[in-house]
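What follows is a set of notes on a single structure, which appears directly below.
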Amino acid sequence: MEKFQLIPLFEIIGIGAASGLVYTNDMLYIVSDSSSYLYQYDLNNQDLTKIALVENSQDHMIKKEKFDFEAITLQGNSLSIFGSGSTENRNKKFTYDLTTSKIAHEDLKPIYSAIQDTLDIASDELNIEGALYKDGVLHLFQRGNGSNAKNGIVIMEQEITFIPITLPKIKHVEATFTDAILVEDKIYFLAAAEDTTSTYDDGEVLGSMIGCLDSATFTVEFTHVISDYQKFEGLTLYKKTATQMELLLCEDNDTDILETTIFKLTLSK
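Residues in the sequence shown are numbered from 18 upward in steps of one, following the working numbering.
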């Protein structure tokens, strides 16, 4: 992939701090790191539906209470939504069955604690920002923007394996994962650079990049800086042809405004 084009595609009113996307069957499913809803946006009718994941769901939760949904992925006909793990409230996983509309939840604290042990990091440095299934095996993308800079892929087999991934710098800060998807045998990812070593407090955004990994060797095949001021956090496949790929992206602009712009990123072969 050598050339790219990034454009704003449409706006959705009613969602703020969008952090993850899944596109399937003309529906765009969106999670926000400050909300306890799963959002369903019908691209044909431009209708937004809010799916409450807990009782008394909120569009905007205060920072210390939020679930911090940063990762969403489709496995079969079920969506899996993961909290980042960076605080006690952020250790939850929700699943939503697209056929039955049933919701289930799971406490990930034991699993996240085991990941922390494997990475040898403190609990406040765990920061899961992306998730995908490859051959039925869950891969979690740890954003290494804490002081120990453990950026990489956590492979959840019988034993937890961590694959460290070093990404280029944007300005003076190394980029770290903010989302990832599997397309055939390639992993396409977003990464951002923020001028902070905290997984809790936001820093100055220095930009975002798109990149590609070989899913077997985890070798970085390319990276392109796509913005020098935006933090893109959500990524999903939209369309693909023999000559190009269209991806949908969302941006976490770290404000309380309930508006989200969906961007289209076109990569040409």
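We put the beta carbon where it would ideally sit given N, CA and C, even for glycine. Small disclaimer: the values here were computed from a predicted structure and weren't measured.
Secondary structure at Pro-181: strand, using DSSP grouped into helix, strand and coil. The Cβ-Cβ distance between Tyr-129 and Gly-102 falls below 7 angstroms. Ranked by how close their Cα comes to the Cα of Gly-147, the residues Ile-98, Thr-104, Glu-211 have Ile-98 in first place. Around the C-beta of Asp-245, fewer than 16 other C-beta atoms lie within 10 Å, and the residue is accordingly described as exposed. Contact check between the stretch 34-51 and the stretch 83-90: three or more CB pairs, one atom from each, fall below 8 angstroms, which counts as touching. Leu-265 is positioned such that its CB atom lies closer than 7 angstroms to that of Thr-253.
Following the DSSP letters along the chain, one finds Lys-126 in no beta strand (DSSP E) but inside the alpha helix (DSSP H) bounded by residues 126-136.
Looking only at Thr-278, His-122, Gln-247, the smallest Cα-Cα distance to Lys-109 is reached by His-122. Judged by DSSP in its simplified three-state form, Glu-250 adopts strand. Glu-211 counts as buried, since no fewer than 16 other beta carbons sit within 10 angstroms of its beta carbon.
Note that the C-beta distance between Gly-251 and Ser-36 is below 7 angstroms. Between Thr-117 and Leu-96 a beta carbon distance of about 12 angstroms is seen, past the 8 angstroms cut, so the two are scored as non-contacting.
Within a 10 Å sphere around the beta-carbon of Lys-81 sit fewer than 16 other beta-carbons, which makes this residue exposed. Below 8 angstroms, enough C-beta pairs join the stretch 233-249 and the stretch 167-187 to call them touching: three or more. Burial check for Asp-85: the Cβ neighbour count within 10 Å reaches 16 or more, so the residue is buried. Within the same chain, Phe-84, Asp-85, Gly-100, Ser-101 come within 7 angstroms of Arg-107 by CB-CB distance, once the 5 residues on both sides are set aside. At least 7 angstroms separates the beta-carbon of Leu-60 from that of Ile-68. DSSP places Ala-197 inside the beta strand (DSSP E), whose first and last residues are 193-200. The continuous stretches of beta strand (DSSP E) do not include Val-71, and DSSP gives it neither H nor E. In this structure, the straight-line span from the alpha carbon of Asp-114 to that of Met-173 is close to 22 angstroms.
Distance between Ile-279 and Gly-220, taken at the CA atoms: about 23 angstroms. Rounded to the nearest angstrom, the Cβ distance from Ala-209 to Ala-192 is 6 angstroms, consistent with a contact under 8 angstroms.
Annotated three-state conformation of Asp-50 is coil, per DSSP.
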